[in-house]
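Protein sequences, first through last, are from chains A and B. If you're matching positions, the first sequence starts at 1 in the working numbering and goes up one per residue. If you're matching positions, the second sequence starts at 1001 in the working numbering and goes up one per residue. Note that CB positions come from ideal geometry on N, CA and C, so glycine has one too. Here the structure is a predicted model, which means the values were calculated and not measured.
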Amino acid sequence: MDAIILQILNGLDKGSAYALIALGLTLIFGTLGVVNFAHGALFMIGAFCAVTLTKFMTWEVATGEVQKTAWGSEVPVTKPLFESWFGPEVGGALIDWSVPLAILFSIPIMIIIGFVMERGLIKHFYKRPHADQILVTFGLAIVLQEIIKAFYGANPIPTPAPAAFKGSFDFGAMLGFDPNVIIYPYWRMVYFAFAAVVIGAVFAFLQFTTFGMVVRAGMADRETVGLLGINIDKRFTIMFGLAAAVAGLAGVMYAPINSPNYHMGMDFLVLSFVVVVVGGMGSLPGAVAAGFLLGILESFASMNQIKSLLPGIDQIIIYLVAIIILLTRPRGLMGKKGVMED
Amino acid sequence: MTKSNLTRRGVLKTGAVAGAGVALPTIFTASSAAAYTNEPTGSSVTLGFNVPQTGPYADEGADELRAFELAVEHLNGGGDGGMMNTFSSKALKGNGILGKKVEYVTGDTQTKSDAARASAKSMIEKDGAVMISGGSSSGVAIAVQGLCQEAGVIFMAGLTHSNDTTGKDKKANGFRHFFNGYMSGAALAPVLANAYGTDRKAYHLTADYTWGWTQQESIAAATEALGWETVNNVLTPLAATDFSSYIAPVLNSGADVLVLNHYGGNMVNSLTNAVQFGLRDKIVNGKQFEIVVPLYSRLMARGAGENVKGILGSTNWHWSLQDEGSQAFVKSFGTKYGFPPSQAAHTCYVQTLLYADAVERAGTFNPCGVAEALEGYEFDGLGNGPTLYRAEDHQCFKDVLVVRGKENPTSEFDVLEVVEVTPRAQVEYAPDHPMFAGGNLGTCNPGA
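So this is what it looks like as structure tokens:
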């Protein structure tokens, strides 16, 4: 039982990342009809927003003293920029909280990146076949990750969570199990809560604002909304920026879970597409539900008891479930008739 | 009207004779002008450095390339000479190799076996490389070693730690300076037993490819010999990025040690996840839970940040060593590039000097002459103490370092501290040891 609870918890935080990325993918597909293979790269850029802010805060500035290196040359003694500006206590605290602060930093950056991507490249491919869109956005993803690698190198860069969130919460003790049997890292709990808030905010925005209502109408019937004199293209561009921001936020908060590297977007991209297809193309609730479902299933498939019965199941479970769902429900869990069927 | 005497048989005969006539000079030229593949005939000799310039190990590849450039500079008489001044052999004079200026070409392995073979093949066939060196993966090393054997050039392996490189996949044209999984286990196990006791239950997470398998087998055998019990070994896919679902079962397995047979990005992520799950804060079986990383890379350890603090592992070489050879290398490298070299850089630099030295001693670039000069060769002054290139499997035997993640690092390079220099005798094994069985060195291939 304890192992099952642990894997459910694992699945929830994995599912959170899948759901956030898939949500953005679905927003773009549902509004603009574009299959955006560069969406994983946006997740990666979000993580590197956290890296960049941390690096900026900890930028080494010379103190005026010098020290000798192991190879005999003299180098200046340095200290982090923010400690130099604000003193060791305030500066140290700001550095410690660099990842949450990066949320504020990343939102405008990701929206701008989204706008530039959409206006500069993707809008030229709206009327082209999906295969062309996939090729161009996949190419864009590779360009973006190579740019990040050129600046930050190929190795993962540690980006720790604030000290207050280090360590684990003992769920087992709370549920009446022995202590230390079901423990779960605080930051992963934060990630799940954060994902829930972001997903809730996106749904509320689409459901309860006039802007959201117009976008939903445009998703349902773009032509009619256009004939009513509403500039739907402008709103869809804003939605692209919003989707980029959601992917970026997912990346920022993921940075302390696994040290960011230039390839992390690609690691999530294929799985996120499977999530979108399983959830139903264009269905926002479907993307979120499928994200959590597949995250939990993937965690369960990694259990030793399951793997001993079905070796290698952890590698194929998501695809296996996708096949079964698409065979029984060809439009995915919550897909609607007519979407991607022309 | 003239009658033609052209018959089908006649045409075939004439064609065969003409074909042989055309082919003869080529065959003759090939067999007489070059006694071996890419015999250097001009005033220079070309070496091929095949390193990961793209992909996940690109930073290691970049450091290897820096070391190769430094070695070539020193061989050609530039710089301060580095380890050439401390090397026990005095065959190298700083005038190239056998008086020929050393030039080099580079290839990108991408840490993919097929790409690495293609780039090595190109360097041999198009650029005339007489030796190939470099690499940051055992899968790549084994693939390129096989290619070099077929092509008739020497392969001086870079960073490859799988037992198989000089075990079941050993080749007469291939030589490895880097240590291996068995040596890591033999060096690390006694330190682990001293630090954590002999009554321990270990849970292994192992990367599912040649290096992971041999590393796990080696460390499990070495620790079990000292009383540890291996409670489980779970193979993890090389492409895995989040190890939380593999780590969660450790909590309830009864294990009190987690051994991470992971390297590179896998190691960074699995160690980070394990620490996040609070494993190191747990008390199991009345003992403090411990994590072990059998193979450390300083470049990679940096990626795990403070999670490496206090965690034991092994390494081939470290820049903080105080012997004359290491100091000379760190000085040369640090002065040229502004930071200390990695173990990957060290092994590549050393392999280049060893190759050049063997050519000088053999008096030829012929791979069979070079191989003969390297086989059974004893040397010193290259940073690992007295070292032997064993003839039977072309594996170097030398001291192995046991290291620990530093508690209070003074810089981003100061991540590991040397806990013990394990003497060579403790990590030696018989050439027919079961973990290295199944291969055949074969005979040297000069190619051409």
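Does residue 160 (chain A) pass the burial test, meaning 16 or more other C-beta atoms within 10 Å, or should it be called exposed? Residue 160 (chain A) should be labelled buried.
Give me, in chain order, the residues of the same chain whose beta-carbon lies closer than 6 Å to that of residue 79 (chain A); leave out the 5 immediate sequence neighbours on both sides. Cβ neighbours of residue 79 (chain A) within its own chain (closer than 6 Å, five residues either side excluded): 63.
Cross-chain neighbours of residue 181 (chain A) in chain B, by beta carbon under 8 Å: The contacting residues are 1251, 1252.
When we look at the beta-carbon of residue 1441 (chain B) and count the other beta-carbons within 10 Å, is it buried (16 or more) or exposed? Residue 1441 (chain B) comes out buried.
Which residues mark the beginning and the end of the beta strand (DSSP E) in which residue 1233 (chain B) is found? Residue range 1229-1236 is occupied by the beta strand (DSSP E) that includes residue 1233 (chain B).
Residue 1277 (chain B) versus A:10, A:2, A:1, residue with shortest Cα-Cα distance: Cα-wise, what sits closest to residue 1277 (chain B) is A:10.
Which chain A residues are close to residue 1258 (chain B), counting only those with a beta carbon under 9 Å from its beta carbon? Result: empty, since nearest Cβ-Cβ is about 14 Å, beyond 9 Å.
For residue 1387 (chain B) and chain A, any beta-carbon pair shorter than 7 Å? No, residue 1387 (chain B) does not count as interfacial toward chain A.
DSSP state of residue 1151 (chain B) mapped onto helix, strand, coil: In the structure shown, residue 1151 (chain B) falls within a helical segment according to DSSP collapsed to helix, strand and coil.
Rounded Cβ spacing between residue 1450 (chain B) and residue 1314 (chain B) (contact assumed at less than 8 Å): A question about residue 1450 (chain B) goes unanswered here, because the residues of chain B that appear run from 1001 up to 1448.
Going along the segment 1294-1305 of chain B in order, which residues come within less than 8 Å of chain A, judged by CB to CB distance? The segment 1294-1305 of chain B vs chain A, Cβ under 8 Å: 1299, 1300, 1302, 1303, 1304, 1305.
Between which two residues does the alpha helix (DSSP H) harbouring residue 57 (chain A) extend? For residue 57 (chain A), the enclosing alpha helix (DSSP H) has its first and last residue at 39-57.
Rounded to whole angstroms, what's the CA-CA distance from residue 1052 (chain B) to residue 1096 (chain B)? Just pull it up for me. In a straight line, the C-alpha of residue 1052 (chain B) is about 26 Å away from that of residue 1096 (chain B).
For residue 180 (chain A), does the count of other Cβ atoms within 10 angstroms reach 16, so buried, or fall short, so exposed? Around the Cβ of residue 180 (chain A), a 10 Å sphere holds 16 or more other Cβ atoms; the residue is buried.
Would you call the CB atoms of residue 1332 (chain B) and residue 1082 (chain B) closer than 7 Å? Result yes, Cβ atoms of residue 1332 (chain B) and residue 1082 (chain B) sit closer than 7 Å.
Would you call the segment 1277-1296 of chain B and the segment 181-192 of chain A in contact, with 3 or more CB pairs under 8 Å? Taking a contact to require three or more Cβ pairs closer than 8 Å, the segment 1277-1296 of chain B and the segment 181-192 of chain A qualify as touching.
Assuming residue 1264 (chain B) contacts residue 1056 (chain B) under a Cβ cut-off of 8 Å, what Cβ separation, rounded to an integer in Å, is found between them? Indeed they touch by this definition, with Cβ atoms about 6 Å apart.
Quick check on this structure: which residue in B:1111, B:1205, B:1110, B:1374 has the alpha carbon closest to the alpha carbon of residue 1395 (chain B)? Scanning B:1111, B:1205, B:1110, B:1374 for the CA closest to the CA of residue 1395 (chain B) turns up B:1374.
Work out the CA separation of residue 1109 (chain B) and residue 1115 (chain B) for me, nearest whole Å. Cα to Cα, residue 1115 (chain B) sits roughly 5 Å from residue 1109 (chain B).
Is there at least one Cβ from chain A nearer than 7 Å to residue 1137 (chain B)'s Cβ? Taking Cβ atoms only, chain A never reaches closer than 7 Å to residue 1137 (chain B), which makes this a no.
Mind checking whether residue 1214 (chain B) and residue 1185 (chain B) have CB atoms under 7 Å apart? Not closer than 7 Å, so no.
Using the three-state DSSP reduction, which class does residue 73 (chain A) fall into: helix, strand or coil? Residue state for residue 73 (chain A) is assigned as coil, using DSSP reduced to three classes.
Counting only Cβ-Cβ distances shorter than 7 Å, please list the residues of the segment 1259-1277 of chain B near chain A, keeping chain order. Per Cβ criterion, the list reads 1265, 1268, 1269, 1272, 1276, 1277.
Just to confirm my understanding: we take residue 1298 (chain B), look at its own chain, exclude 5 residues before and 5 after, and list those with CB closer than 6 Å. What are they? Take residue 1298 (chain B), set aside five residues on each side of it, and the residues of its chain with a beta-carbon closer than 6 Å to its own are 1342, 1415, 1416, in chain order.
Can you tell me whether residue 1057 (chain B) is helix, strand or coil according to DSSP? It is coil, neither helix nor strand.
Inspect the beta-carbon positions of residue 1324 (chain B) and residue 1041 (chain B) and report whether they are closer than 7 Å. Taking C-beta atoms as the reference points, residue 1324 (chain B) and residue 1041 (chain B) fail to come closer than 7 Å.
Compare the C-alpha of residue 37 (chain A) against each of A:276, A:57, A:154 and name the closest. Checking every option, the nearest Cα to that of residue 37 (chain A) belongs to A:276.
For a contact defined as C-beta to C-beta under 8 Å, what are the partners of residue 1434 (chain B) on chain A? The contacting residues do not exist; residue 1434 (chain B) stays about 25 Å from chain A at best.
Between the C-alpha atoms of residue 1339 (chain B) and residue 71 (chain A), what's the straight-line distance to the nearest angstrom? Across the structure, residue 1339 (chain B) and residue 71 (chain A) are spaced so that their CA atoms are roughly 9 Å apart.
In whole angstroms, give me the CA-to-CA distance for residue 344 (chain A) and residue 190 (chain A). Chain A is shown only over 1 to 342; residue 344 (chain A) falls outside these bounds and no answer can be derived.
Counting only beta-carbon atoms, is residue 48 (chain A) nearer than 7 Å to chain B? Interface with chain B (7 Å Cβ-Cβ cutoff): residue 48 (chain A) is excluded.
Mind listing the chain B neighbours of residue 79 (chain A)? Cutoff is C-beta to C-beta under 8 Å, in chain order. What residue 79 (chain A) touches in chain B: nothing, since even the nearest Cβ is about 12 Å away.
Please decide whether residue 1245 (chain B) counts as near chain A, where near means a Cβ-Cβ distance under 7 Å. Chain A has a Cβ within less than 7 Å of the Cβ of residue 1245 (chain B).
Can you tell me the Cα-Cα spacing of residue 96 (chain A) and residue 1433 (chain B), whole angstroms? The alpha-carbon atoms of residue 96 (chain A) and residue 1433 (chain B) are separated by roughly 51 Å.
Local Cβ density within 10 Å of residue 329 (chain A), reported as buried at 16 or more and exposed below that: Exposed is the call here.
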